[in-house]
Amino acid sequence: MAIPPDEVARRDALFHQFRFVLVETSHPGNVGAAARAIKTMGFGQLVLAAPRLGSDVLQHPEAIALASGADDVLAATRIEPDLPAALTGVNWAVALSARTREYGPPSAVPRESAALACRHAVRGQQIAFVFGSERAGLPNEAVELCNALVHIPANPAYASLNLSQAVQVIAYEARLACLAEQPSLSGYEPPPGELLASRDEIEGMFAHLESALVALDFLDPANPKRLMTRLRRLFARSGLEHEEVNILRGIAKHILQRQPRK
Ligand code: SAH
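Here the working numbering is used: the first residue of the sequence shown is -12, the next is one more, and so on.
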């Protein structure tokens, strides 16, 4: 049975809420292959944060060759100076790491994480999957900007997938998760007042909170230990809503107003 056109339009709109972010990518071939990987799964937003070759990478013959029929996705790829800029407007960011990490946001397998991301997307939230560079993977500071951490449970003796193949695995899982949500798409109304805060709002809150904790002498800037990392993990787990971020900023503001400047 053919899918009704309005259902297709809703699905396309849902898929458009996902972006795939490649951080400091060095191989043009991987950029082209990633464009192809996401297009074959129905997605279209590829973002490069600080690519090694700059914007020239999009015209590189290897990128064009490996993008093949996804030349439109490649041509529309956005280039940003860093990961925070690439995550502008994103509500739920998922870091992909070939390594398991001691600290960082809660971790999940791709299927579980894609299902959760898709449930957020159905509620109108913007989603990002974030991938590291071929050489170094994602630094901890990049992982800490994300709400969740995903490791593809590959061969423990050699778990490092080619970048574009990792993109393919996640795009596939996200597609399945979005298609499974399809029946609930018709007639869906996002509940009011429960929308997640955006990544930029959350980063603003962390900066504010950090200053307040320093003013309280709870955080020693000379010896910060892992306090902010632990707080990031706590808040990543809770999935902060817009209003909650405002409350936390309000608390930080009051602390700063009452503390004598040092
Ligand atoms: N040498 C790097 C691996 C780079 S692979 C390292 O040690 O971290 C490039 C990117 O592909 C990774 O940063 C990650 O985003 C993704 N990737 C590769 N294998 C993965 C896996 N098993 N699980 C999740 N992501 C993976």
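Glycine is no exception: its CB is placed at the ideal position from the N, C-alpha and C atoms.
Could you check how far apart the C-beta atoms of leucine 125 and alanine 82 are, in whole angstroms? I think they sit under 8 Å. Between leucine 125 and alanine 82 a beta carbon distance of about 6 Å is seen, short of the 8 Å cut, so the two are scored as contacting.
Report the three-state DSSP secondary structure of leucine 172 (helix, strand or coil). Caution applies to leucine 172, whose pLDDT of 49 falls short of 50 and renders its modelled position unreliable; the value that the coordinates give is listed next. Leucine 172 carries a helical assignment under DSSP once its states are collapsed to helix, strand and coil.
Excluding the 5 residues preceding and the 5 following alanine 123 in the sequence, name in chain order all residues of the same chain whose CB lies nearer than 8 Å to its CB. So the qualifying residues of the chain are Glu11.
If phenylalanine 7 and phenylalanine 116 are in contact, beta carbons under 8 Å, what's the gap, nearest whole angstrom? For a cut-off of 8 Å, the C-beta gap from phenylalanine 7 to phenylalanine 116 is around 5 Å, short enough to register as a contact.
If you compare alpha carbons, which of Glu49, Phe5 and Gly111 is closest to alanine 101? The residue with the shortest Cα to Cα distance from alanine 101 is Phe5.
Would you call the CB atoms of alanine 22 and alanine 57 closer than 8 Å? It is a contact, given that the beta carbons lie within the stated cut-off.
Identify the continuous alpha helix (DSSP H) that holds glutamate 121 and give its terminal residues. Element bounds for glutamate 121: n/a, residue is neither H nor E.
Any chance the CB of glutamate 131 is under 7 Å from a heavy atom of ligand 1? Incorrect: glutamate 131 has no Cβ contact closer than 7 Å to ligand 1.
Quick check on glutamate 228: does DSSP put it in helix, strand or coil? In the three-state DSSP reduction, glutamate 228 falls in the strand class (E or B).
Where serine 173 and proline 68 are concerned, what is the direct C-alpha to C-alpha distance, given to the nearest angstrom? Confidence is the limiting factor: at serine 173 the pLDDT is only 44, short of 50, which leaves the residue's position unreliable and the question unanswerable from this model.
Spatial neighbours of proline 140 in its chain, beta-carbon cut-off 7 Å, leaving aside the 5 residues before and after: Result list for proline 140: Val96, in chain order.
What are the complete alpha helix (DSSP H) segments, minimum 4 residues, inside the region 27 to 104? With a minimum length of 4 residues, the continuous alpha helix (DSSP H) runs that stay inside the region 27 to 104 are 48 to 54, 58 to 62 and 70 to 73.
Determine the direct distance from the alpha carbon of lysine 212 to that of serine 198, and round the result to whole angstroms. Their Cα atoms are separated by approximately 15 Å.
Beta-carbon contacts of glutamate 176 that lie in its chain and below 8 Å, excluding the five residues immediately before and after: Residue placement at glutamate 176 cannot be trusted, given a pLDDT of 49 that sits under 50; what the coordinates show is reported in the next sentence. Closer than 8 Å at Cβ, skipping near neighbours: no residue.
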